[in-house]
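As structure tokens, the structure follows; a few thoughts come after it.
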Amino acid sequence: MDRNIQLAQFYGKSQNYTQIPRDLYVKHGVKRGLRNEDHTGVLVGLTRIADVVGYRRDAEGVKVNCDGTLYYRGIDILDLVKNDAYTGYLYEEACFLLLFGYLPNRRELDDFCKIIQESYELPDDFLEMNLLRMPGKNLMNKLQHALLTLYNYDEDPDNTDVYQTLRKGLNIMGKLPSIACYAYMSKVHYYNRHSLIIHYPRKDYSTAENILSMLRPDSSFTEAEAHLLDLLLFLHADHGGGTNSTFTNVVVSSTDTDIYSTMASSIGALKGARHGGANVRTSQMMERIIAAIGLDATDKQIRETIKRILNKSFPESNGLVYGFGHAVYTLSDPRAEIMREYCGEVATKKGLAKDFDFYRRFECIAKEEIGKDTGMDICSNVDYYSGFCYHMLGIPRDLYTPLFVVSRLVGWLAHNIENKLYDGRIMRPATKYVGDLVSYIRREDR
């Protein structure tokens with residue numbers, strides 16, 4: 122008998138023994154997905170790094186929706202973006218703030234940037250042996266592999282002291298943009314037969330500038346393009362301790378394992394379509410919609426298309442309009458609000474104003490239709506505009522989620538360190554056994 126058929130039979134038979142009725146979760150007070158009945162998250166820790174605000178409580182303790190705010194170390198991200206004239210290194214400034222708790226002065230920021238820039242260079246033979254000779258079909262998996270391989274280049278890889286964790290984490294941060302870009306170049310060279318182009322990172326460039334330089338054949342980019350990518354990295358740098366990949370990082374690091382294993386586990390969590398991979402699904406959805414109805418579609422055509430997505434009659438739809446809704450934000454996602462403004466400016470400069478107008482109209486109509494369908498307040502989230510921004514920058518879709526890793530690693534590192542300093546216990550929640558007690562049956566009697 123075919124092994125797959127046998128396995129399917131085993132699986133089918135197992136349903137008589139393994140099912141857990143849904144009502145048992147209610148009976149035993151289990152918060153599925155670590156979520157409360159009002160859809161808020163179960164409190165699992167304390168942090169002073171970032172705060173995600175999407176609702177408030179009234180005098181009776183009832184959840185009330187409100188405009189979203191994201192705080193980095195108590196500072197509204199909108200203030201970080203708007204208060205000073207842009208001089209580059211916005212992402213690096215946010216990294217400093219998240220890690221050390223205060224805004225750096227000019228000299229401190231320069232020194233911090235130099236620490237990261239000195240880590241840009243990959244170890245000898247790392248590019249040739251681990252990326253060019255072993256290209257990966259999926260870049261997120263390849264990033265995991267590359268991080269685990271960096272373990273072998275560390276003279277003291279299992280040292281989990283807080284300061285050593287910081288030092289090793291900054292070293293990974295410096296190398297990750299090159300690893301992501303080279304992993305992409307290796308993949309398209311091997312699997313798609315594209316020309317192999319390798320540009321080395323420049324120590325006088327910011328993280329955003331280096332990514333654009335390494336991805337483009339001529340290494341050129343405009344200041345507006347670098348600013349937009351810098352902003353994207355900044356907006357993805359952290360989102361509190363409750364996000365799946367950050368919580369994963371804290372859970373794994375609480376076992377006192379090495380930082381390379383810890384960061385690889387977070388990449389695995391971020392890869393999922395319900396987490397970091399959502400930006401790719403949003404981009405694919407919008408591409409299918411534009412191909413079907415065109416940028417000149419009327420509001421009525423857009424509305425009908427959204428209804429078709431919701432009732433699963435639009436091609437490749439599962440009833441979800443990607444890029445809308447969030448676990449915490451209700452009326453608005455501040456990251457999407459900021460991104461809309463800045464990507465609109467770049468779209469005009471790049472001759473893509475018509476595309477941006479379509480995104481804008483689709484967003485407004487989608488909020489209305491999804492709200493009617495669910496009876497809830499719905500906002501666009503960071504994934505809705507990030508894919509459009511990456512597209513304008515000429516960044517391939519394969520790199521959308523890996524660039525999320527590049528930006529979010531500092532958040533993982535900050536929470537990792539905070540947990541080591543002020544919690545320090547291994548994460549060990551509980552589950553309740555709800556199966557039957559069964560007598561053993563001798564093999565010959567089964």
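When the letters of the sequence shown are read in order and numbered with my numbering, they come out as residues 122 to 567. Even for Gly, the Cβ is constructed at its ideal location relative to N, Cα and C.
- Cβ contact annotation for L317 (same chain, cutoff 7 Å, sequence separation greater than five): M306 and H310, in chain order.
- With a contact defined as Cβ atoms closer than 8 Å, S501 and G415 miss out at about 21 Å.
- Ranking R337, L269 and F368 by CA distance to the CA of I380 puts L269 first.
- The beta carbon of R546 sits closer than 7 Å to the beta carbons of S375 from its chain, once the five residues preceding and following it are set aside; these are given in chain order.
- Counting only residues of its own chain and dropping the five nearest sequence neighbours on each side, R314 has no CB closer than 6 Å to any other CB.
- Put simply, of R429, D504 and T419 the residue whose alpha carbon is nearest the alpha carbon of N439 is R429.
- Here L542 is exposed: its Cβ has fewer than 16 other Cβ atoms, across all protein chains shown, within 10 Å.
- I198 sits away from E539, with the two beta carbons spaced by 8 Å or more.
- Within the model, the alpha-carbon separation for L291 versus G496 is close to 45 Å.
- Around the beta carbon of G182, fewer than 16 other beta carbons sit within 10 angstroms, so the residue counts as exposed.
- In this structure H320 is not in contact with S341, their Cβ atoms being roughly 11 Å apart against a cut-off of 8 Å.
- Annotated as distal: L353 and A301, with beta-carbon spacing of 8 Å or more.
- Here the region 230-249 does not lie against the region 343-362, with fewer than 3 beta-carbon pairs under 8 Å apart.
- Annotated three-state conformation of I547 is coil, per DSSP.
- Membership of R461 in any beta strand (DSSP E) is not indicated; the residue belongs instead to the alpha helix (DSSP H) covering P455 to K470.
- By a beta-carbon distance limit of 8 Å, L191 contacts R456. Their separation comes to about 6 Å.
- Annotation for I499: F445, G446, K488, I491 and G492 place their beta carbon closer than 6 Å to its own, counting only its chain and skipping 5 residues before and after.
- In the DSSP secondary-structure assignment, D172 is bridged to Y192.
- Contact between the region 134-150 and the region 399-417 is absent, with fewer than three C-beta pairs closer than 8 Å.
- Taking one beta carbon from each stretch, the region 506-525 and the region 387-404 have 3 or more pairs nearer than 8 Å; the two touch.
- With fewer than 16 other CB atoms across the displayed protein chains lying within 10 angstroms of its CB, V163 is exposed.
- For R156, the pairing in a beta bridge is given by DSSP as G162.
- DSSP places F445 in the strand class (E or B) of the three-state scheme.
- Under the 10 Å beta carbon count, V371 is surrounded by 16 or more other beta carbons and is classified as buried.
- The closest CA to that of G222, considering only E462, V526 and T168, is found on T168.
- The secondary-structure analysis by DSSP pairs V185 across a beta bridge with R177.
- Within the region 267-331, the complete alpha helix (DSSP H) segments of 4 residues or longer fall at 283-312, listed in chain order.
- In the assembly as shown, G515 is an exposed residue. Its beta-carbon has fewer than 16 other beta-carbons within 10 Å.
- Boundaries for R395: no alpha helix (DSSP H) harbours it, and the DSSP string shows neither H nor E there.
- In this structure, L211 lies away from D325, with their beta-carbon atoms at least 8 Å apart.
- In this structure, L356 sits away from V467, with a CB-CB distance that is not shorter than 8 Å.
- M460 and V526 do not touch by the CB rule: their CB atoms are close to 18 Å apart, not below 8 Å.
- The continuous alpha helix (DSSP H) containing Y212 extends over residues L211 to F221.
- Secondary structure at S501: strand, using DSSP grouped into helix, strand and coil.
- Ranking D245, E425, H536 and K203 by CA distance to the CA of V283 puts H536 first.
- The residues F477, in chain order, have a CB closer than 7 Å to that of G465 in the same chain once the five nearest residues on each side in sequence are set aside.
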